[in-house]
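Read through the structure below, which is laid out as structure tokens, and then see the notes.
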Amino acid sequence: MPPERTILLVDGQSFYASIEKSAHPDLQGKPVAVGDPERRSGIILAACPIAKARGVTTAERVGEALAKCPELVVVRPRMQTYISYSLLITEIFESITDQVEPYSIDEQFLDVTGSHSSFGSAEEIARLIQTQIQLATGVWSRVGVGPTKILAKMATDNFAKKRPDGIYRLGPGNMAKDLWTLPVHQMFMVASRMTKHFLRMGLPTIGDIARLELGEFKRRMRREMKKQSDIQAEYYWQTARGIDPSPVVADIRGELKSISHGKALRSNLYRTLADIETVLLELVVEVCRRSRRHRRMGRVVSVAASETDGERSAGFSRQITLPQPSSLTHEIAAAAHKLFVDHWSGMPVSRLSVALTDLSDDSVFQLTLFEDRAATYRMERATDRIKDRYGSAAVMRASSLLASGVARERAGQIGGHYK
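Take the sequence shown: its position 113, counted from the start at 1, is 105 in the numbering used here, and no numbers get skipped.
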């Protein structure tokens, strides 16, 4: 009989803020949050424990955080640095096991079932990991241990984060005593809306769900949800019982289905077609560049937009099929422009996105009688190489230099945040 799996979920405490405090010794002992100090309407991305103790929370406005904690030090995010630290932590994990699955930039699953003979018990491995990460990055880690990924995750979120040593094991031996007594909103993947459903069903704790027979739970879910809910019922019932057969997968990337790029806009600045066209072209340029990087071209172009004039809101998402697959900027741009013009109501735009789907390999493409598509591909790939080497702003369209352009600003960001 194979040994019971040992899964760890390692979480970096206040990841962004911890990195900044480690990099700046003068910030030690001070409340620190990561956000844009020049934008009081921006959001807090992370807050250190000192700041949290003074009421600062993630996702709140910078201005609100400063009102609660006037001495708060707000540090501008450095996303490339955080990504580099995350990759360094992955290397630490991979020195212990080759089964490492990133869950987010600051959380990763490890299957250490085969590592006990070399590194000791799960708790010994957890302490080793904590020490190595703190020495390498200055980040303190919390570690949940369990026989499944779901239990390791709930051990981290509900118990390890509250313990001084930052380590907690959750399994069949203590699940009923510790996990099942928790309120149902503390179960993994249960948000406020689902919590209300469970409370109306008379299931205020995780154990109330776990102790029910699956058939009875399904019947209650059908009465409450008033629709087909058997799949949801089975998922929540298994979660409450810690059942999760999914393995830790080192390579979680599946087949690429679509390539897209979007941008939230200040609607008061994007009222005219000329201004919106600038951003639309920039999105197309990035989508085509990503497509060529992945050696893909697409047959279906989609454009989605959200519109508002402050009182009314509207939006659309439409697609068009090209005569042949493409990742050439001018071909995708023409299709995207037609979609937008045909479906835009005329109100200011607050969000715009472009997507390319029905992807295929770009090693073979259709030639045409009236243009040299092969030469155009060579030119665009040469431009891609320049951008890869010198940055996205090394070559850009002249329209991006207009006030409505966002490409220059985006070149200095990752995921909408400063590098």
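No residue lacks a Cβ here, since even glycine has one placed at the ideal position from N, Cα and C.
For the alpha helix (DSSP H) that H335 lies in, which residues bound it at each end?
T321 to H335
Proximity to S298 [Cα-Cα], best of R291, G290, M289 and S309
S309
Any alpha helix (DSSP H) of 4 or more consecutive residues that is wholly inside the stretch 61 to 134
Listed in chain order, they are 71 to 86, 108 to 111 and 114 to 129.
Mind reading off the beta-carbon distance from G136 to T148? Whole number of angstroms is fine, and I expect it under 8 Å.
3 Å
Alpha-carbon to alpha-carbon, L1 and K145
6 Å
Could you give the C-beta distance for P23 and E63, rounded to a whole number, given that I count them as a contact under 8 Å?
6 Å
Ignore the nearest five residues each way along the sequence and tell me which others in D236's own chain have a CB closer than 6 Å to its CB.
The answer, listed in chain order, is T140, K141 and I142.
Return yes when the Cβ of Q100 is within less than 9 Å of the Cβ of I88, no when it is not.
no
Is it a yes or a no for the stretch 344 to 359 touching the stretch 248 to 261, going by three-plus beta-carbon pairs under 8 Å?
yes
Roughly how many whole angstroms lie between the Cα atoms of R53 and A266?
Their Cα atoms are separated by approximately 32 Å.
Mind checking which residues open and close the alpha helix (DSSP H) that includes I432?
Beyond the ends of the chain as shown, which are -7 and 411, falls residue 432; an answer cannot be given.
Out of E86, G397 and L273, which one is the CA nearest neighbour of A242?
Ranking the options by Cα distance to A242, first place goes to E86.
In the stretch 227 to 304, which residue ranges form an unbroken alpha helix (DSSP H) of at least 4 residues, counting only runs that do not cross its ends?
265 to 285
Going residue by residue through the stretch 356 to 401, where are the continuous beta strand (DSSP E) segments of at least 3 residues, counting only ones entirely within it?
none
Residue(s) in a DSSP beta bridge with P340:
DSSP output for P340 lists no bridge partner at all.
So what does DSSP say about D353, is it helix, strand or coil?
strand
When burial is assigned at 16 or more other CB atoms within 10 Å of the CB, is S337 buried or exposed?
exposed
Taking 9 Å as the cut-off, decide whether the C-beta atoms of A57 and V66 are in contact.
Yes, these two residues count as a Cβ contact at 9 Å.
Tell me which residues share the same chain as T173 and place their Cβ nearer than 7 Å to its Cβ, disregarding the 5 neighbours each side in the sequence.
T197 and G199
Length of the line joining the Cα atoms of G375 and E363
A small correction: the amino acid at residue 375 is Thr; Gly does not occupy that position in the sequence shown. Each residue's Cα considered, the two are about 19 Å apart.
State yes or no: is the beta carbon of R70 nearer than 9 Å to at least one beta carbon in chain C?
The chain labelled as chain C is not found in the depicted structure, where only one protein chain is given.
Taking only heavy atoms of the ligand PLP into account, decide whether any of them is closer than 8 Å to the Cβ of A306.
The ligand PLP is not among the ligands present in this structure, which contains no ligands whatsoever.
Excluding the 5 residues flanking V276 on each side, which residues of the same chain have their C-beta closer than 8 Å to its C-beta?
T321, I324, A325, A328 and V346
Report, in whole angstroms, the separation of the C-beta atoms of V292 and T264, which I expect to be a contact under 8 Å.
Between T264 and V292 the Cβ distance is about 28 Å, and since that is not below 8 Å, they are no contact.
Tell me the DSSP secondary structure of D3 in three-state form.
strand
Could you check how far apart the C-beta atoms of S238 and R288 are, in whole angstroms? I think they sit under 8 Å.
Between R288 and S238 the Cβ distance is about 28 Å, and since that is not below 8 Å, they are no contact.
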